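**Student:** I have a structure here, written as structure tokens, and I will follow up with some questions on it.
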Amino acid sequence: MTTTPPSTASESETSDYGTHPGARANSVFKGLSTGAGALILVTLAAVATFLLAEAWPAVQAASGDHLGDEVSFIKPEDGQSLMEIIGYLIYGTLIMSIIALVIATPVSIGIALFISHYAPRRLAQTLGYLIDLLAAVPSVVYGLWGVAVLVPFLTPFYQFLADYLGFIPLFAAPESGEIFTGRVAMSAGIVLAIMILPIITAVSREVFLQTPVLHEEAALAMGATRWEMIKMAVFPFGRSGMIGATMLGLGRALGETMAVLMIISPGLTFSPYLLQPNQHNTVAGYIALQFPEANSMGVNSLIAMGLALFVITLLVNMLARWIVSRRSEFSGAN
Amino acid sequence: MSKRIDINNLNVYYSQFLAVEDVSLSIEPQSVTAFIGPSGCGKSTFLRTLNRMHEVIPGARVEGEVLIDGVDLYGKDVDPVTVRRHVGMVFQRPNPFPTMSIAENVLAGFRLNNKRVSRSEADEIVESSLRGANLWDEVKDRLDKPGSSLSGGQQQRLCIARAIAIKPDVLLMDEPCSALDPISTLAIEDLIAELKDQYTIVIVTHNMQQAARVSDTTAFFNIAGTGKPGKLIEMNDTTTMFSTPAEKATEDYISGRFG
Numbered sequence: 001m002t003t004t005p006p007s008t009a010s011e012s013e014t015s016d017y018g019t020h021p022g023a024r025a026n027s028v029f030k031g032l033s034t035g036a037g038a039l040i041l042v043t044l045a046a047v048a049t050f051l052l053a054e055a056w057p058a059v060q061a062a063s064g065d066h067l068g069d070e071v072s073f074i075k076p077e078d079g080q081s082l083m084e085i086i087g088y089l090i091y092g093t094l095i096m097s098i099i100a101l102v103i104a105t106p107v108s109i110g111i112a113l114f115i116s117h118y119a120p121r122r123l124a125q126t127l128g129y130l131i132d133l134l135a136a137v138p139s140v141v142y143g144l145w146g147v148a149v150l151v152p153f154l155t156p157f158y159q160f161l162a163d164y165l166g167f168i169p170l171f172a173a174p175e176s177g178e179i180f181t182g183r184v185a186m187s188a189g190i191v192l193a194i195m196i197l198p199i200i201t202a203v204s205r206e207v208f209l210q211t212p213v214l215h216e217e218a219a220l221a222m223g224a225t226r227w228e229m230i231k232m233a234v235f236p237f238g239r240s241g242m243i244g245a246t247m248l249g250l251g252r253a254l255g256e257t258m259a260v261l262m263i264i265s266p267g268l269t270f271s272p273y274l275l276q277p278n279q280h281n282t283v284a285g286y287i288a289l290q291f292p293e294a295n296s297m298g299v300n301s302l303i304a305m306g307l308a309l310f311v312i313t314l315l316v317n318m319l320a321r322w323i324v325s326r327r328s329e330f331s332g333a334n
Numbered sequence: 335m336s337k338r339i340d341i342n343n344l345n346v347y348y349s350q351f352l353a354v355e356d357v358s359l360s361i362e363p364q365s366v367t368a369f370i371g372p373s374g375c376g377k378s379t380f381l382r383t384l385n386r387m388h389e390v391i392p393g394a395r396v397e398g399e400v401l402i403d404g405v406d407l408y409g410k411d412v413d414p415v416t417v418r419r420h421v422g423m424v425f426q427r428p429n430p431f432p433t434m435s436i437a438e439n440v441l442a443g444f445r446l447n448n449k450r451v452s453r454s455e456a457d458e459i460v461e462s463s464l465r466g467a468n469l470w471d472e473v474k475d476r477l478d479k480p481g482s483s484l485s486g487g488q489q490q491r492l493c494i495a496r497a498i499a500i501k502p503d504v505l506l507m508d509e510p511c512s513a514l515d516p517i518s519t520l521a522i523e524d525l526i527a528e529l530k531d532q533y534t535i536v537i538v539t540h541n542m543q544q545a546a547r548v549s550d551t552t553a554f555f556n557i558a559g560t561g562k563p564g565k566l567i568e569m570n571d572t573t574t575m576f577s578t579p580a581e582k583a584t585e586d587y588i589s590g591r592f593g
């Protein structure tokens, strides 16, 4: 470095310490990556603006309470204003997503732990690959499979639940006379659980694999069993990753349309009865169902529902970030 | 409780690869034994066979005996988890659990054995272990802060406190000062001198002055070449080893002619 020959003044105007060959490529790449970052913000802003602008007429009309005259699926005489429908739908969406999360999270984390810390390497790779394949199944196929295979399979279990745990409202049997079809929120939640399982598993597995060996050995060296080591070193390190994975899964569950639409017998209520048909529907399912026949104000109403879903998803994400950052002082990052 | 270790004809394998060949030696209770030798000579691998930590690596296995007060660590009914509760270990890089507070770090090992620890008992263990690791005065006002907020040398002493909180029979140290500055190193060395009254201490070090300063007995390991197994060349009183070693290879190594 110190033996660089002194520059000859006659060579050019730029000094030896001026530009270098990589400078142009560097600034081009900087421009590209900045552009890509900005594009995300622009897209998000465009979606938000679209939703707000298109939903506004419906929201305004709803506050004037004459929306029912223009939109066929909003019937004020049944007590269905736009806001009430949105309420029912968000309730249904959350119910099914929560069922999905409650089932999928422990199973996914179990599979991820098995792959990262228990299974022999070859088995782990195969299993990881199979889980990734699950993510590649189109949701319409899950819907078909749910209706044709899973629902008939589950119906006897529902009967059992209703018989023995029916005193809990969640598992109350359908009113007498109604047939036990199994096309209920519970079934949709279970199919959603299977659908979000791969993403939660894949993300948690990656996080678990990154646990510092240093911390794993610290736990093992003081006589922790494998499970104790996982509780001491792997989970604390992977906590924010697991929350992130769960939120990704929740995001998919909240927005899922096709499978839910195919499985559930829809209804609009705030009922807690997970085993009764005609009780729940999701925002996405409802929009897909009504969209083909909606007139212009109907479309605005549906977009208002979409806006509500967007807000919910945003809130979920913000909540997740807040949970992740709450104890950042104690995180593995420092 | 300090205990005696006898190793008889120990071979260490990683799958088919023989990493350490035919080591036999004895380690006295209440003493500090240093393992020295060039990188890759198997001294760390050998150290990890003393609490079965080498088994963490798939395919690692041993042949031979490691007797702690006459009990073979590789006997049929022996559970490696129990072995590690009796043979503590301190690692090359300080590794307190980043999500636990200083106090929780100290208690981490203790809680594995005792699910219910009363508040006063916990406070007592935290204080006595941190005092034992010469760290109490520096951290007593911030026991609820994360362990990772301490300096490297303090973190290493926290790890020692965590190891002695479960009152092990033996304390293994795998190059405990190699990531530390000289002042922190001195603090750890002073601590080792104090701890040997209660524990059998085995330390791997690259620093020969350190071996000369802290240990009573020194063992020199060497390797004939890449891919060859590491072997114990010579073991003797530290003073003898550093003044009049019996083997030429030992003399070459400690006088800095290679390695």
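Protein chains in written order, with this note's numbering: chain A, 1 to 334; chain B, 335 to 593. Think of the CB as a built atom: it goes at the ideal place given N, C-alpha and C, for glycine as much as any other residue. Bear in mind the structure is a predicted one, so any value in this text is a computation, not a measurement.
1) Could you tell me which of B:Phe351, B:Ser518, B:Ala527, B:Ser485 sits nearest to Gly466 (chain B), measuring between CA atoms?
2) In chain order, what are the residue ranges of uninterrupted alpha helix (DSSP H) at least 4 long that sit wholly in the region 506–541 of chain B?
3) Which residues share a DSSP beta bridge with Gly18 (chain A)?
4) Between the region 428–447 of chain B and chain A, which residues of the former have a C-beta closer than 7 Å to a C-beta of the latter?
5) Kindly list the residues whose CB is nearer than 6 Å to the CB of Ala320 (chain A), restricted to its own chain and excluding five residues on each side of it in sequence; keep chain order.
6) Under a three-way DSSP split, which group does Asn570 (chain B) fall into?
7) Given that Glu228 (chain A) touches chain B, what residues does it touch there, using C-beta distances under 8 Å?
8) Cβ of Met423 (chain B) less than 7 Å from any chain A Cβ?
9) What are the partner residues of Lys565 (chain B), as DSSP defines its beta bridges?
10) Exposed or buried, which one is Met229 (chain A) when buried takes at least 16 other CB atoms within 10 Å?
11) May I ask whether a heavy atom of the ligand NAP can be found less than 6 Å away from the beta carbon of Ala148 (chain A)?
12) Going by CA-CA distance only, name the one from B:Lys565, B:Asp550, B:Arg591, B:Pro432 that's closest to Gly238 (chain A).
13) Just to confirm, is the Cβ distance from Leu349 (chain B) to Gly398 (chain B) under 7 Å?
14) Buried or exposed, going by whether 16 or more other CB atoms sit within 10 Å of the CB of His20 (chain A)?
15) Classify Val184 (chain A) as helix, strand or coil using the three-state DSSP reduction.
16) Along the chain, where does the alpha helix (DSSP H) that runs through Phe50 (chain A) open and close?
17) Report all residues from its chain with a CB closer than 8 Å to the CB of Ala135 (chain A); omit the five preceding and five following residues, and keep chain order.
18) I'd like to know if Lys337 (chain B) contacts chain A, where contact means its C-beta is closer than 7 Å to some C-beta of that chain.
19) How would you write the range of the alpha helix (DSSP H) that Ser108 (chain A) sits in, first residue to last?
20) Go to Gly466 (chain B), then tell me how far its alpha helix (DSSP H) extends in each direction, as first and last residue.
21) Can you have a look at Gln488 (chain B) and say buried or exposed, based on whether 16 or more other CB atoms are within 10 angstroms of its CB?
22) Residue ranges of each beta strand (DSSP E) run of no fewer than 3 residues wholly in the region 380–461 of chain B, ordered along the chain?
23) Whole angstroms is fine: what's the gap from Ile103 (chain A)'s alpha carbon to Trp56 (chain A)'s?
24) What residue does the beta strand (DSSP E) around Asp358 (chain B) start on, and which one ends it?
25) Establish whether the CB of Val473 (chain B) and some CB of chain A are separated by less than 7 Å.
26) Return the first residue and the last residue of the beta strand (DSSP E) that Val366 (chain B) is part of.
27) Leaving out five residues before and five after Asp403 (chain B) in sequence, what residues of the same chain have Cβ atoms less than 8 Å from its Cβ?
28) Note down, in chain order, every chain B residue with its Cβ under 9 Å from the Cβ of Pro236 (chain A).
29) Report yes or no: do three or more beta-carbon pairs, one from the region 258–271 of chain A and one from the region 281–298 of chain A, lie closer than 8 Å?
30) For Met387 (chain B), which residues in chain A fall below 8 Å Cβ to Cβ?
31) Who pairs with Thr551 (chain B) in a beta bridge, going by DSSP?
32) What residues in its chain sit with their C-beta under 7 Å from that of Val59 (chain A), if we drop five residues either side in the sequence?
33) How would you list, in chain order, the residues of chain A whose beta-carbon sits under 9 Å from the beta-carbon of Ala456 (chain B)?
34) Ile498 (chain B) lies in the alpha helix (DSSP H); which residues open and close that run?
35) Can you list, in chain order, the residues of the region 489–509 of chain B whose Cβ is nearer than 9 Å to any Cβ on chain A?
36) Would DSSP call Arg591 (chain B) helix, strand or coil?
**Tutor:** Looking at the atomic coordinates:
1) In terms of Cα proximity to Gly466 (chain B), the closest of B:Phe351, B:Ser518, B:Ala527, B:Ser485 is B:Ala527.
2) Counting only runs of 4 or more, we get 516–529.
3) Bridge partners of Gly18 (chain A) according to DSSP: none are assigned.
4) Hits within the stretch, in order: Asn429, Phe431, Pro432, Thr433, Ala442, Gly443, Leu446.
5) Within the same chain, Ala320 (chain A) has close Cβ partners Ile243, Met247.
6) Looking at Asn570 (chain B) - three-state DSSP - the assignment turns out to be strand.
7) Chain B residues near Glu228 (chain A): Leu446.
8) Interface annotation, Met423 (chain B): in contact with chain A, CB-CB separation under 7 Å.
9) Residue pairing from DSSP places Lys565 (chain B) in a beta bridge opposite B:Asn556.
10) Buried, since its Cβ has 16 or more Cβ neighbours within 10 Å.
11) Although the ligand NAP was asked about, the structure shown includes no ligands whatsoever.
12) For the residues B:Lys565, B:Asp550, B:Arg591, B:Pro432, the minimum Cα distance to Gly238 (chain A) belongs to B:Pro432.
13) Leu is not the amino acid found at residue 349 (chain B); the sequence shown has Ser there. No, these two residues do not count as a Cβ contact at 7 Å.
14) That one is exposed.
15) Three-state result, Val184 (chain A): coil.
16) Note, Phe50 (chain A): alpha helix (DSSP H), 23–64.
17) Excluding residues within five positions, the ones whose Cβ falls inside 8 Å are Pro198, Ile199, Ala202.
18) Chain A, which has no Cβ nearer than 7 Å to the Cβ of Lys337 (chain B), makes this no.
19) 82–113 is the extent of the alpha helix (DSSP H) around Ser108 (chain A).
20) Run containing Gly466 (chain B): 453–466, per the alpha helix (DSSP H) assignment.
21) So Gln488 (chain B) counts as buried.
22) If we require 3 residues or more, the beta strand (DSSP E) runs fully inside the region 380–461 of chain B come out as 394–402, 421–424.
23) In this structure, the CA atom of Ile103 (chain A) is about 37 Å from the CA atom of Trp56 (chain A).
24) Asp is not the amino acid found at residue 358 (chain B); the sequence shown has Ser there. Note, Ser358 (chain B): beta strand (DSSP E), 351–361.
25) No - not a single Cβ of chain A is within 7 Å of the one on Val473 (chain B).
26) Note, Val366 (chain B): beta strand (DSSP E), 366–370.
27) Around Asp403 (chain B): Lys337, Arg338, Asp503.
28) Residues of chain B whose Cβ lies closer than 9 Å to the Cβ of Pro236 (chain A) are, in chain order, Phe431, Pro432, Thr433, Met434.
29) Yes, since at least three Cβ pairs between the region 258–271 of chain A and the region 281–298 of chain A fall closer than 8 Å, the two stretches touch.
30) Within chain A, the residues placing a beta-carbon under 8 Å from that of Met387 (chain B) are Glu217, Leu220, Ala221, ordered along the chain.
31) In DSSP, Thr551 (chain B) forms a bridge with B:Thr367, B:Asp571.
32) Result list for Val59 (chain A): Ala304, in chain order.
33) For Ala456 (chain B), there are no neighbours in chain A by C-beta distance under 9 Å, as the nearest C-beta there is about 16 Å away.
34) Residues 486–498.
35) Listed by position along the chain: Cys493, Arg496, Ala497, Ala499, Ile500, Pro502, Leu506.
36) Correct three-state label for Arg591 (chain B): coil.
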